[in-house]
Structures are given as C-alpha cells and as structure tokens.
Amino acid sequence: MVCTSVSCVWIIFCLHLCFYVNTGIAQNTREVILLDSKAQQTELEWISSPPSGWEEISGLDENYTPIRTYQVCQVMEPNQNNWLRTNWIEKGDAQRIFVELKFTLRDCNSLPGVVGSCKETFNLYYQETDVEVGRNIRESQYVKIDTIAADESFTQGDLGERKMKLNTEVRIIGPLSRRGFYLAFQDVGACIALVSVKVYYKKCWSIIENLATFPDTVTGSEFSSLVEVEGTCVNDAEEEADNSPKMHCSAEGEWLVPIGKCICKAGFHQKGDACEPCGRGFYKSSSQDLQCSRCPAHSYNDREGSWRCDCEDGYYRALSDPPSVSCTRPPSAPQNLLYNINHTTVSLEWTPPADTGGRNDVTYRIICRRCTWEPEECFPCGSNVGYSPQQSGLTDTYVTITDLLAHANYTFEVEAVNGVSDLSRTQRLFAAVSIATSQAAPSQVSEVIKERVQQHSVQLSWQEPDQPNGVITEYEIKYYEKDQKDRIYSTVKSKSTSATVNNLKPSTAYVFQIRAFTAAGYGIFGPRLEVTTKEESTGSATVISSEQNPVIIIAVVAVAGTIILVFMVFGFIIGRRYALAAPIDSPLLHCGYSKADQEGDEELYFQFKFPGTKTYIDPETYEDPNRAVHQFAKELDASCIKIERVIGAGEFGEVCSGRLKLPGKRDVSVAIKTLKVGYTEKQRRDFLCEASIMGQFDHPNVVHLEGVVTRGKPVMIVIEYMENGSLDAFLRKHDGQFTVIQLVGMLRGIAAGMRYLSDMGYVHRDLAARNILVNSNLVCKVSDFGLSRVIDDDPEAVYTTTGGKIPVRWTAMEAIQYRKFTSASDVWSYGIVMWEVMSYGERPYWDMSNQDVIKAIEEGYRLPAPMDCPPGLHQLMLDCWQKDRADRPKFDQIVGILDKMIRNPNTLKTPMGTCLRPISPLLDQNTPDFTSFRLVSEWLEAIKMERYMDNFTAAGYSSLESVARMTIEDVMSLGISLVGHQKKIMSSIQTMRAQMLHLHGTGVQV
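Counting from 1, one number per residue, gives the positions in the sequence shown under full-length UniProt numbering.
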C-alpha cells in the first residue's frame, strides 16, 4: 500500500536524518560558507511553487538541535512541475561557486500503483541578479546547472530495515558576474527529501611565505586556473634582485608554486617569519647573507642592526675589502737591502718586512732620486730611467735599474706597501741606499734611416745616441734574414754614422740593428729595422710560366666536369631502377594517391638515400628508465633556469614559462614542466618518459626539448616556449581571422611534423588540435608525447592516460576496437585535426555522446565540411577517414597535396583524390532530413526549438535557404541567450547546410 505524500516523505526524512548527523562532515578550512541549511535552526522560508509542492519539515538531530529540510513526493499525479527557490545569496568576491546537496530518493519500482510519471531525478537551476527580485518564480529566467540523479535510492524494505542511503552531489556555478544569485530546485515527479544544501566558495587564506605576506585570495573562475598574487615583504625585508615574491592560488584554495622571495636587509637576519636586527658585536653586510656574523679581528660595533664593523685605531679596511675581512695596517719596512753597481746599472735586492700588517697583498715600489754633489739637493730620476721588471707593484724582492747617468749620485728607497698603506696617516717606512755611478757604455742608437735599397745592397744612416757616456769610436751593424730570426747573423763595422751593407739577396727581407762602442764597451742594440731588397728583372721563363696557368686551370675544370657527369648518369640509372621496381598495385596508387600525381614533373630531382636513417627507440624497452632519459635528454643545471610565471597546471605539476641561459649562449624563452612535491617513483618515471621520447626528435614542426633537470628539485622538463599556446584555443580566440591559405599552411606544418615522426617509426596515438602548439610566427608543432594509452572496456570507449580521459572523437575505429595503433590511425586523427582547423576549433561531432559517435562512424557517417571549407580539403579529410586503413593516404602524400594547394589555390576548389565515395554528413538514424521541410516552423518543431518561432519571423527568416546561411552571430542577434540552445540550433543549421550541399547536384541552391 502506498502511503500519502506527506507521511511518506516524513518517514524518509526522519530515518535519513539519523544517518546524516551520525556521519559528520569535517569543515574544510578553505571554504567560505554562503549558505548552510543544516546550520540554520529557524525556518528557511524558501519559495515553493506551487505551494502544494515542496514542503519545509523540521526535525531534531541526536543533540536535539532543530534541523530544517524540504521534501516532495507527488508521484501519484502525472506532469509534475514543482519549484523550490532559496533566498537571495550574496556571493561577495567569489566567481566560482560550489553547491553541495545531500538528499534521499525513493526507488520508483518500490512504490506500488505508481504509473510511468514517477521520476528518480530532479533539476538544479540558478539565476544571477544584483538585488532581490521578489517572491515570484519565472522559470524562463533560470539557467539549468544539471539534472541530479541519486547514486543510492531506497525501497520500502530499506525503511523497515533502517538502511540509510544518503546521496551527496556537488555542482559548480561560474563564472558569476553579478552581486548575488538564487538557487532553484525543479521536481518533475520524484519522491525526494533535500536533507542539506550548502553553498560555498574557496579561497586561499593569507600566509607568510619566504618572508612575504600574501593576502586572502579568492580562487579563480575556472577549474584549472591559478590566480597569481604578488607578495609584500615583511618589515626590514626586501625583494630578492629581479625575483619578486609571487604565489599562485589554485582552484582548490591551496597556495602553489612560490616564485621569488624576500630576504632580510643588511643588518637584519631571519627568525621564523620575521627579520630581527643583529646584536651588538655582530653585523650582516648584505641581504644575501643568511645570518649575522661576529665582528672580525681589530673591529667593533656598539649598536644593533649594523651592516659592518668599524676598525680600531691604527687599523684600516681597504675599499675593495668586504666587511667580513679583518681590519689591517701597513707593513713595516723591507729588510736587508743590498745593491750591486755595474757602470750605469744598479741591482737592488732585499728581504720581506718583519710585519706584513696582517695582509697577504704586500708589494714593493722603488723611489729613485738623482742628487747633486751638494747635500740634500735631490730630484726625481724622470722617465729616462728603466726598471726591470717594473718600478711599482713588485711581487719579487729584487729590481734592476738601467740607463742611469755616468758619474752621478743616486738615492733609492724601497717601500713595502699593502692594500691599506694609502689610508694610513702614519709615517712611511722604507729601506734606502745611496750610490754613485761610474763610466758607462753608450745608450741605444734609437733612429735608423734607410737611404738607398738595391737588389744586393742597403745603405743606412743614423744619429749618435742621446747618452754617449764617452767618446764613440765605432758602430756595429748586425743584420740577418727575417725568416732566420737572429739564428744566423752577420756584422759590419763603421767609424761614422752611415754604412752600406753589400752581398745581399734580391727580393729578401732583412732585419738591421746598430749599437755604439766606447772605452766602457758596447752599448745595447737599438730597435729593429726591416728592409726588403729589390727584385731581379724578369725574363722569358717567367712569361712562359704565367702562360701555363690557364692551361692547368682548364685541365682541372675538365676533369671535375667529367666526374660530375659520371655521378649524374649513375644517379639517374639508380633512380630509374628503383622507380621501375615499384609494384603496380602499391598502396601509393590507391584512391588517386600516386607519387607522380603529388610531385609533378616540375619537381624532378635526383635523391640518394643511404642506410642509417634514425629510428625511434621506445624508452619502455630500457630496464632502467633513468638510463633512457640521460641517453636522449640533456641534463641542465637548475641555476641556468629562471621561472618567471605559471601558465597552467598539469597531471604531474605546474607548467611555467621562464628563461634558459646556457654558458656561452644568449638566454631563450622556455616552457618548464615541473614534477610536484611528494611524487612516487612511478610518477617520476612516467613524467620523464616524455623527455626520453622528445629528446629523440629534431624537426622544425616538432616541439624541441631543451633538456631536463633530474638531479635537483623540482624535477623539470624544459622545452621551447610556444607563445600562442595550443592550436584549438588559439583558433577559437581568432575565429575567422585567417585566410584559407594561412590555415592550409598550418595544416602543412602539422603534416610535415607527423611525416617526420612516421618516418622514424613513432606512432603518436593522440594527435589533436589541443596537442599542437603555435609559436609567434604561426608555426605549428606537434607535442604531447608522454601519455600511456590503454583502451578501457567502458562502453563510452575512452582510453585512459596519465593525463586524464581522451575522447574517441580523434581515434580510428581499428584503434578503438582492436588496439591497432599505426601511422594510418594517426592519419585518421590528422583528418579530425583538419576539421578542427577549418572550423576554428569547434568540437568534433558537437554534443553527441561518445557511444553515438562510435555507432555513427561504424555505419559510415562522416563529419560534414565546416563552413567555408573548400571541397578539396574536405575530400582529403574523407580520405583520411577511410574505413580500410590501407586506403588512407600517407603523411608524405598529404604534405605533397597541401604543397600543391598552397602553390595553386585553384586546386582547393576540386578534390585532389580520385576515389568515388559519398560525402555523407554526420547524422544518426533519428536525424530528420531537413531538405524535406518547407517551412521554418516545421524545422524548429523537429529540433524542439519552436519557442523561438517569433524570433525568426521578426528577423525576416522566412525560408530554410536563408536559415542555412546563418552564423552563430546571427543566432545570437535573435535574442537566443542560452548557450545550449545556440549550439543546438547552430548544429542543426550545419547539418541542414551539409544536406543541401549533398543535393546541390540535383538543383538545390544554398
């Protein structure tokens, strides 16, 4: 016997309430509650329409606390439409709202006497408003969120046994733009009790991380969005150079991906989440230092928060010394100064000072003064005096002083200096010695002039030395051939300041040097003078030799030409032999896809292909997967990578953009995939598998791997940065902005990348527009190589990957049914990518379920041509979707066809293949033939959109031909605001257009 609605529902509520209160739900600290019906002990007073529908019931939990709930059970009467609306809910800063429903639902089969009007679902709606709108419920103003079904329903027997079956469902609303909203529940004939309704949003609560304060932040509007938040440094902290602190608030209210940080300023050190000043006697010189340090030797400070310590009296710190260096003082004087004099040359030697001042940068400098015979009349020696190795900055304890005047008095001071000597105000300390020079050899002959140059002789002249140091009795001229480098030389003597050197070779370079001689001996040789003697006059032999050069050149050219001709003939014979050896029934000739058809005579060339083509190696074949990573991927130093911002979140961790700066190379923009903290070894292996695959590829249309970081944390994969992101999102963003040739160019790049992968023996198995990346030059590159693809037994026929579920819409039938993944199945997927590109990122097969897609494809249906798609491109798509994989074109053929289309755009208007196959649009058995309708009203009734008849009539759409030309903008201009209705109408228009095109040959005009 069926109980009355009120008593029946009351039993449901009481029994299930016990389950609810005993279960207990822990409060999520990331949630901000906007509504919780369980927490409200007074009446909820929600609006029920009609009043006889939903009923508000009160009960007590185990602590005798009142709890309010709503119930409805109008299962005995058909055509139920009972609405329940909450009070107005102000959303605050939230954009993404969570609705948690807890309810019980009775199984219709357990209600005797109930006819087919009983339901086991109810609908959830919402309406955005800026203010409260009163108590009337207007159904047309509400947007449907979802149909709610119970995972667990109960029967009358369950009530007797007190088995509690409480359902919990969570739905998400957003993004919201107005101040608040209402929730509404529509019952269409179910026996249900709403035990609890909780509405909340998530936020990341304020924290201090890396000495930066991050405020409360509401999560983003999308599930995968990360909200970037700038941090504010705590007191006495500053941002790290070019690395400002940032965090990212995830959709779950978690702080992720810290970038940059704050560091305590000089004079302060970190303690917990704050910066404290250094104590007396301590300092911290730079914000880069971690801790305060005790003052170094001979220094002090008597205040807190110091960045350096002051030196004690008599001690100094050089300008180049860091504050961590002890204060030092100048060294004492050098010891044991000795000298040796040879005419006008003096050698000095000493030992280091007894006290270096506490430094190891002691050097020596020489002060030279020439004194008169009168005491205390000394003057600096000037620039004519030479010092070997040098006058100052000496690290050795000796020096030779040359070019002194003969018979003169000199005083030499040797001073030890270090880095603080110039800062000291004390008296200089040095060792000194006074010396008198004797007779000296003459100085250098500094200027030599070549007077006359002949074939066998050179005449030279020169000036007397500046310091003859006596009477010059003769000069010695040394000369040698330049290429002998002074190994073999000759001399000539002269009493005057000129001489002629004879018996020289013609056309030969000679080097000359001259020195003077006095009673004190020879001076040193002067600077080198290079002179080349004249050539001998040329005779007939030279003429004959010069005339032979063209003959030799002609002979060499003739031999080279003969060799090239032989290789060309040999290449032609080999090429013809391979061409004639190809079988007549080769798959390349099927469906009009012959090599000759694609290439044409205008591209005749010789091609030599040698063995050794690079082949793809599956990383799974390695016993140690880490070995595969290091064999195929370059290990990068983490210090060369700078993460700048987060651009997305993946299965394994965050995806960031940044810069890579390798030694000796300029920095480049890169994308960085990171492995999140707490990973398992299997996750690490799966994560790096993609790098093991990508590292084997090198092609301009395949995303390039820069390297990996496996020896640090986080583990990273670094790839080239593609500025425009994924192809599907890029096309949707720029809908209708490209020419057909530009789109064909993108498709050509994708096909070229797949041709390369196919030639290497690699099967992609997940080719889709979402896995194609686009750079700033609109170059498309194939990506996403890290997924493991195992087909599920689910009737929805999706196959599971480490990155989530992949729909069957891109997958060939043999791959779904028999797991046969080949390059031919990649060609099928490429046909879907073509359709995505030409439709500017539209979803393949629109809103059809996966099972309906599989059924339709098995029955031979194929996607119709997208709007404004040339017939030639659609024909190529259909060829890619051939049921027999042997009939599909190869990627090499696809590249050739697209090249022809780009060179000759007229070929886009006609199909390139010769296969006769139907161009049937995608329709299931229940899809009506729109070409059979005559009125717009008939078409709208067929798709259950007759409510918009007045909108179409008012806009002047009186025929199906005018409807077939509508765009999505035209549909929106009619005032159709519901996105689901827009898609349904637009999908029907595309099908209608395809049917009309199919009948175009019979006279139908579109």
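Positions of the beta carbon are idealized from the N, C-alpha and C atoms, including for glycine.
- Measure how close the beta-carbons of G725 and L773 come, nearest whole angstrom, since I'm counting them as under 8 Å. To locate residue 725, count along the sequence shown from 1; it is residue 725. To locate residue 773, count along the sequence shown from 1; it is residue 773. Contact holds; Cβ gap of about 7 Å.
- Query: What's the gap between the Cα of N87 and the Cα of F154?
  - Reply: Reading the sequence shown from its first residue, position 87 is the one you call residue 87. Reading the sequence shown from its first residue, position 154 is the one you call residue 154. For N87 and F154, the distance between alpha carbons rounds to 30 Å.
- Task: Tell me whether the beta-carbon of C278 lies closer than 7 Å to the beta-carbon of C264.
- Result: For the purposes of this step, residue 278 is taken as the residue at position 278 of the sequence shown. For the purposes of this step, residue 264 is taken as the residue at position 264 of the sequence shown. It is not a contact, given that the beta carbons lie outside the stated cut-off.
- Message: Buried or exposed for R96, going by 16 or more other Cβ atoms inside 10 Å?
- Response: Taking the sequence shown and counting its residues from 1, one reaches residue 96 at position 96. Label assigned to R96: buried.
- Message: Does the contact criterion of 3 or more C-beta pairs under 8 Å hold for the stretch 621-628 versus the stretch 677-697?
- Response: yes
- Message: According to DSSP, is I76 part of a helix, a strand, or is it coil?
- Response: Within the sequence shown, numbered from 1, the residue matching residue 76 stands at position 76. Per the sequence presented here, residue 76 reads as Met, with Ile not at that position. Here M76 sits in coil by DSSP.
- Specify, as a first and last residue, the run of the alpha helix (DSSP H) that N503 falls within. Here the question's residue 503 lines up with position 503 in the sequence shown. Note, N503: premise wrong, no alpha helix (DSSP H); not H, not E.
- Query: Terminal residues of the continuous alpha helix (DSSP H) containing P625?
  - Reply: Position 625 of the sequence shown, counted from the start, is the residue given in the question as residue 625. That run of the alpha helix (DSSP H) goes 625-632.
- Query: Got a sec, what are the start and stop residues for the alpha helix (DSSP H) residue 1014 sits in?
  - Reply: Residue 1014 is absent from the structure shown; the chain starts at 1 and stops at 1006.
- Query: Considering only residues of the same chain and omitting the five flanking positions on each side of Y410, which have a CB-CB separation below 6 Å?
  - Reply: If you number the sequence shown from 1, residue 410 lands on position 410. Closer than 6 Å at the Cβ level, and outside the excluded window around Y410, lie R370, I435.
- Item | Under the three-state DSSP convention, the category A994 falls into | Residue 994 sits at position 994 when you count from the first residue of the sequence shown. Helix at A994.
- E238 and G260 look like a contact to me (Cβ under 8 Å); what is the Cβ gap, rounded to whole Å? Here residue 238 corresponds to residue number 238 of the sequence shown, with the count starting at 1. Here residue 260 corresponds to residue number 260 of the sequence shown, with the count starting at 1. Not confirmed; about 12 Å, so no contact.
- List the DSSP bridge partners of W83. Stepping through the sequence shown from its first residue, residue 83 is reached at position 83. Answer by DSSP bridge pairing, in chain order: S49, Q186.
- Looking only at its own chain, which residues have a Cβ that is under 8 Å from the Cβ of E644, when we skip the five neighbours before and after it? Translated into the one-based positions of the sequence shown, residue 644 becomes position 644. Within the same chain, E644 has close Cβ partners I259, C656, S657, G658, R659.
- Task: Evaluate the contact criterion for the stretch 309-322 versus the stretch 416-431: three or more CB pairs, one atom per stretch, below 8 Å.
- Result: yes
- Query: Using the beta-carbon count (16 or more within 10 Å), is Q875 buried or exposed?
  - Reply: Here residue 875 refers to the residue found at position 875 of the sequence shown. Counting Cβ neighbours within 10 Å, Q875 comes out buried, since at least 16 surround it.
- Item | Bridge partners - D146, DSSP secondary structure assignment | Residue 146 sits at position 146 when you count from the first residue of the sequence shown. Answer is L124, bridged to D146.
- Where are the beta strand (DSSP E) runs, 3 residues long or more, that stay fully inside the stretch 694-769, in chain order? 705-709, 716-720
- In three-state terms, what does DSSP make of Q390? On the sequence shown, position 390 is the one that residue 390 refers to. DSSP places Q390 in coil when its eight states are reduced to three.
- Query: Comparing alpha-carbon positions, which option in E45, E56, F103, A190 lies nearest N79?
  - Reply: Here the question's residue 79 lines up with position 79 in the sequence shown. That would be A190, whose Cα lies nearest to the Cα of N79.
- Message: I need the DSSP call for W54, collapsed to helix, strand or coil.
- Response: Walking along the sequence shown from the start, residue 54 turns up at place 54. The answer is coil: DSSP assigns W54 none of H, G, I, E or B.
- Sequence-distant residues of the same chain with beta carbon closer than 6 Å to M992, five excluded per side: What you label residue 992 is simply residue 992 of the sequence shown in a count that begins at 1. Cβ within range, chain order: F930, A964.
- Query: Within 10 angstroms of its Cβ, does V677 collect 16 or more other Cβ (buried), or is it exposed?
  - Reply: On the sequence shown, position 677 is the one that residue 677 refers to. With fewer than 16 Cβ atoms within 10 Å of its Cβ, V677 is classed as exposed.
- With DSSP as the reference, please indicate the residues paired to C311 in a beta bridge. In the sequence shown, the residue the question calls residue 311 occupies position 311. According to DSSP, which records beta bridges pairwise, C311 is partnered with S299.
- Message: Checking the sheet assignment: what are the DSSP bridge partners for T491?
- Response: By 1-based counting over the sequence shown, the position of residue 491 is 491. Beta-bridge pairing links T491 to K478.
- Task: State the beta-bridge partners of K271 as determined by DSSP.
- Result: As a first step, residue 271 must be located in the sequence shown, where it is residue number 271. Paired residues: A274.
- Looking at the unbroken beta strand (DSSP E) that takes in G658, where does it start and where does it end? Translated into positions along the sequence shown, residue 658 becomes position 658. Taken as a continuous stretch (DSSP letters only), the beta strand (DSSP E) holding G658 covers 654-660.
- Task: Note down the Cα distance separating N81 from V833, rounded to an integer number of angstroms.
- Result: Numbered from 1 along the sequence shown, position 81 holds the residue referred to as residue 81. Numbered from 1 along the sequence shown, position 833 holds the residue referred to as residue 833. Each residue's alpha carbon lies about 44 Å from the other.
- Item | Residues of its chain near D273, where Cβ-Cβ distance is below 8 Å and the 5 sequence neighbours each way are ignored | The residue given as residue 273 occupies position 273 in the sequence shown. I208, L211, V234.
- Message: By the three-class DSSP mapping on this structure, what secondary structure does A865 have?
- Response: Residue mapping note: residue 865 aligns to position 865 of the sequence shown, counting from 1. Of the three classes helix, strand and coil, the one that applies to A865 here is coil, per DSSP.
- Query: To the nearest angstrom, how far is it from the Cα of R329 to the Cα of L675?
  - Reply: Along the sequence shown, read from residue 1 onward, the residue named residue 329 stands at position 329. Along the sequence shown, read from residue 1 onward, the residue named residue 675 stands at position 675. Rounded to the nearest angstrom, the two C-alpha atoms are 55 Å apart.
- Query: In chain order, what residues of the same chain lie with their CB nearer than 7 Å to the CB of G305, ignoring the 5 residues before and after it?
  - Reply: Your numbering for residue 305 matches position 305 in the sequence shown. For G305, where only same-chain residues beyond five positions count, the Cβ hits under 7 Å are G267, F268, P277, C278.
- In angstroms with no decimal places, state the Cα-to-Cα distance between L916 and D879. Position 916 of the sequence shown, counted from the first residue, corresponds to residue 916. Position 879 of the sequence shown, counted from the first residue, corresponds to residue 879. For L916, the pLDDT reaches just 37, beneath the cut-off of 50, and the residue's location in the model is therefore unreliable, leaving the point undetermined.
- Message: Is it buried or exposed, L580, if we count other Cβ atoms within 10 angstroms and call 16 or more buried?
- Response: Numbered from its first residue, the sequence shown carries residue 580 at position 580. Because the pLDDT at L580 is just 35, under 50, the model does not fix this residue reliably, and the point stays unresolved.
- Task: Report all residues from its chain with a CB closer than 6 Å to the CB of M1; omit the five preceding and five following residues, and keep chain order.
- Result: The residue you call residue 1 lines up with position 1 of the sequence shown. Reliability fails at M1, whose pLDDT of 34 lies under 50, so the model's placement of it is uncertain and the value that follows must be treated cautiously. Same-chain partners within the cutoff: there are none.
- Are the stretch 745-755 and the stretch 889-906 touching, with three or more C-beta to C-beta distances below 8 Å? yes
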